[in-house]
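The sequence shown maps to residues 19 to 157 in this note's numbering.
Where a beta carbon is used, it is the ideal one built from N, C-alpha and C, also for glycine.
From a predicted model like this one, the values you see are computed outputs, not experimental measurements.
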Amino acid sequence: AVRRQRHAAGVLEDRLLFALGEIEIDERPLLVAGPGARQAARQEANEKVTDARVEAAEKTAEAHREVVEEAKDVAAAQDDATEEVMDANREVAMARIEGEYEVASKRCEALSGDAQSACKAEADAHFERAKSRVETRFN
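What follows is the structure, encoded as C-alpha cells:
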C-alpha cells in the first residue's frame, strides 16, 4: 500500500517550488523532495474531490429513489382510500333509493285495482332509473 502526505513546502532560489513529501510503502516511510511532490499533492486533492463528488451523487440518487418509492406508496394508499370512499358513497346512495322505493311500495299497497298497479309500475320505474344513475355515477 502506498500512501502520500505533503509535510512542508517552500520556495528556493530561481522560484523553484520545493516540496517535502512522505511516501509510505508497506508501512515504511520514504521522504521525497522536489517539484513533483507538489503535483502529487494536487493530484491527491483532486482525487479526494472527485471521490467526494461521486459519493454525493450516489447519495443523491439513492435519496431520489427512496422518494420515488415513497411517492408510489402514497399514491397507492390514496387510490385505495378513494376507492373505499366511492364504495361507501355507492352504498349510501343505494340505501337511500332502496328506502325511497320501500316507502313508495307501502304507499302503493294502500291503493287498490288499477291505481295500485299504476303506482307500483311508477315506483318500479323510478327505482330502476335511480339505481341506473347510481351505477353510472360510481362505476
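Reduced DSSP secondary structure (H/G/I, E/B, other) of residue i
i, result
"ALA128", "coil"
"ASN157", "coil"
"LEU49", "Confidence is the limiting factor: at LEU49 the pLDDT is only 49, short of 50, which leaves the residue's position unreliable, though a coordinate-based value still follows. Correct three-state label for LEU49: strand."
Pairwise C-alpha distance: residue j and residue i
i, j, result
"ARG114", "ARG83", "47 angstroms"
"ASP91", "ALA128", "56 angstroms"
"TYR119", "GLU109", "15 angstroms"
"ALA99", "THR154", "20 angstroms"
"GLU80", "MET104", "36 angstroms"
"ALA95", "LYS149", "29 angstroms"
"GLY117", "GLN134", "19 angstroms"
"VAL72", "ALA63", "14 angstroms"
"ASP132", "ALA143", "16 angstroms"
Near the ligand COA: residue i beta-carbon under 7 angstroms from a heavy atom
i, result
"ALA106", "This structure lacks the ligand COA; in fact it carries no ligand of any kind."
Anticipated Cβ contact below 8 angstroms, residue i with residue j, distance rounded
i, j, result
"ALA111", "ALA141", "Not really, about 18 angstroms apart at Cβ, beyond 8 angstroms."
"PHE145", "ASN107", "Contact doesn't hold; Cβ gap of about 19 angstroms is too wide."
"CYS137", "ARG125", "7 angstroms"
Which ranges does the beta strand (DSSP E) cover as unbroken runs of at least 3 residues, wholly within the segment 69-107, from first to last along the chain? none
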